[in-house]
Amino acid sequence: MLKNGYTIESNKYTTHITGIPYEYDFYAGGVNTGNIQADGWTLNGDWTTQSKQLCLGHSGTKSGYVVSPKFHTPANINTTTTLTHKYYQLGGSCTAYVGATSSPSTKVQTNEYSGFNTLNTGATGGLTTHKGNDTNVVLSSTNPYMCISAKPKASIFGGITQSYYYLHKALIQYR
Numbered sequence: 083m084l085k086n087g088y089t090i091e092s093n094k095y096t097t098h099i100t101g102i103p104y105e106y107d108f109y110a111g112g113v114n115t116g117n118i119q120a121d122g123w124t125l126n127g128d129w130t131t132q133s134k135q136l137c138l139g140h141s142g143t144k145s146g147y148v149v150s151p152k153f154h155t156p157a158n159i160n161t162t163t164t165l166t167h168k169y170y171q172l173g174g175s176c177t178a179y180v181g182a183t184s185s186p187s188t189k190v191q192t193n194e195y196s197g198f199n200t201l202n203t204g205a206t207g208g209l210t211t212h213k214g215n216d217t218n219v220v221l222s223s224t225n226p227y228m229c230i231s232a233k234p235k236a237s238i239f240g241g242i243t244q245s246y247y248y249l250h251k252a253l254i255q256y257r
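Per our numbering, numbering through the sequence shown is continuous, rising by one, with the last residue being 257.
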């Protein structure tokens with residue numbers, strides 16, 4: 083056990099605390115959108131909360147997105163993002179996107195997430211987790227934020243147009 087006054091010599095290392103890996107649970111935070119914002123996320127575009135869930139884009143004509151807190155990125159950092167999310171629709175489709183951006187108000191749509199569970203019976207259950215193994219998002223000093231966006235594309239189903247994208251969790255890791 084080292085005591086006050088002892089010295090250990092070692093090589094010098096430069097260490098940067100980037101904030102990655104980073105995981106955020108929007109479902110837990112989404113009960114109160116003030117929590118999401120207090121945790122450093124910026125809500126943009128068309129978003130709402132439904133059934134205690136964060137809903138980005140709805141009615142098939144509007145698009146919402148969230149932007150992460152700023153990461154400390156002194157050099158380029160290759161990352162991958164795993165999303166836990168779902169899509170509810172009465173006709174239509176949906177694609178979610180993840181990308182690096184320069185500010186909390188700039189939307190980016192570079193990496194596509196599609197083929198997740200579609201719910202036709204209600205807005206609960208049916209979560210899909212997309213591991214970001216096939217995606218590479220480069221965070222940098224000029225693009226230190228992560229943007230997650232979606233635009234549900236509704237079609238008319240029995241005279242009703244409804245589609246909603248729900249974001250539950252995001253996990254950002256080194257690639």
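C-beta: ideal position from N, C-alpha, C; glycine also.
*How big is the Cα-Cα spacing for residue 129 and residue 169?*
Between the alpha carbons of residue 129 and residue 169 lies a gap of roughly 14 Å.
*Give the DSSP bridge partners of residue 194, in chain order.*
Looking at the DSSP output, residue 194 shares a beta bridge with 179.
*Local conformation of residue 170 per DSSP, three classes*: Here residue 170 sits in strand by DSSP.
*To the nearest angstrom, report how far apart residue 94 and residue 177 are at their CA atoms.*
Their backbone Cα atoms lie some 46 Å apart in a straight line.
*Between which two residues does the beta strand (DSSP E) carrying residue 211 extend?*
210–212 is the extent of the beta strand (DSSP E) around residue 211.
*In this structure, does DSSP put residue 254 in helix, strand or coil?*
The answer is strand: DSSP assigns residue 254 an E or B state.
*Pick from 187, 185, 181, 186: whose alpha carbon is nearest that of residue 195?*
Taking residue 195 as reference, the option from 187, 185, 181, 186 with the minimal CA-CA separation is 181.
*asked:* Given this structure, state the Cα-to-Cα distance separating residue 227 from residue 149, to the nearest angstrom.
replied: Cα to Cα, the separation comes out at about 6 Å.
*Beta-carbon contacts of residue 213 that lie in its chain and below 6 Å, excluding the five residues immediately before and after*: The beta carbon of residue 213 sits closer than 6 Å to the beta carbons of 164 from its chain, once the five residues preceding and following it are set aside; these are given in chain order.
_What does the alpha-carbon distance come out to for the pair residue 193 and residue 92?_
Cα to Cα, the separation comes out at about 42 Å.
*Would you mind reading off the limits of the beta strand (DSSP E) that contains residue 146?*
In this chain, the beta strand (DSSP E) harbouring residue 146 covers 146–149.
*Using the C-alpha atoms, what's the distance from residue 102 back to residue 253?*
Rounded to whole angstroms, residue 253 to residue 102 spans 9 Å at the Cα level.
_Tell me which residue opens and which closes the beta strand (DSSP E) that residue 127 is part of._
Here the beta strand (DSSP E) through residue 127 covers 124–127.
*Taking just the CA atoms, how far does residue 183 sit from residue 119?*
Those two C-alpha atoms are separated by around 18 Å.
_Inter-residue CB distance, residue 209 and residue 162 (contact presumed, cutoff 8 Å)_ = Not really, about 19 Å apart at Cβ, beyond 8 Å.
*Hey, out of 90, 107, 100, 99, whose CA is closest to residue 211's CA?*
Checked all of 90, 107, 100, 99; the closest Cα to residue 211 is 107.
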